[in-house]
Amino acid sequence: MKAAYITETGSPDVIRYGELPEPTLADGQVLVRVGAVSVNPIDTYIRGGAIYWQLPEPYILGCDLAGTVVEVSAGVKSLKPGDRVWGSNQGLMGRQGCFSELAAVDAQWLYPTPEYVSDIQAAASALVGTTAHLGLFHRAHLR
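Note that this note's numbering has the sequence shown beginning at 192, numbered continuously upward.
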């Protein structure tokens, strides 16, 4: 599968794009065909080396995604192949990110995408949406 990944932290020049093996699922995980992602400040912090956990190598960047369930592992009852989902918290605490064609995601971090919401809109509503909300309403005091 194609993915945006790093093998070392540093400037944006360390980001590579190329073929990596497809992820394998652990119990409680879902394989998602990624339809859209969004970029968060945390993605740049991790890439730049401001992290507190060990990164796998290569490390796929990205926290927020939306897409379609391809496969579910043992113990996942809430989702099935074909379901449209969005989620966050990938790429944190040493988990592989989602800037890839496929992502193995803990089912607890995935939510159903409403029919009327596109993958692009859904991916933008996760951490990016929270960041925008906090900036506009808590910092800028927008009413």
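Glycine included, every Cβ here is placed at the ideal spot set by N, Cα and C.
Between the beta-carbon of arginine 334 and that of threonine 304 there is about 30 Å, and that puts the pair past the 8 Å contact cut. Between glutamine 281 and leucine 256, the C-beta spacing is below 8 Å. Within the model, the alpha-carbon separation for tryptophan 244 versus serine 229 is close to 22 Å. Unbroken alpha helix (DSSP H) stretches of 4 residues or longer found wholly inside the segment 257–334: 310–315 and 318–324, given in chain order.
Counting other Cβ atoms within 10 Å of its Cβ, serine 202 stays below 16 and is therefore classed as exposed. In this model, arginine 330 and glycine 320 are separated by some 14 Å (Cα to Cα). By the Cβ criterion, the segment 247–263 is in contact with the segment 218–236, since at least three pairs of Cβ atoms, one from each stretch, lie closer than 8 Å. Taking 8 Å as the cut-off, the Cβ atoms of glycine 219 and lysine 193 do not count as close. With fewer than 16 other CB atoms across the displayed protein chains lying within 10 angstroms of its CB, serine 269 is exposed. Here glutamine 220 is bridged, per DSSP, to Asp297. DSSP lists Gly258 as the bridge partner or partners of valine 225. Rounded to whole angstroms, the gap between the alpha carbons of glutamate 262 and histidine 332 is 43 Å.
For methionine 284 and glycine 266, the gap between their C-alpha atoms comes out near 22 Å.
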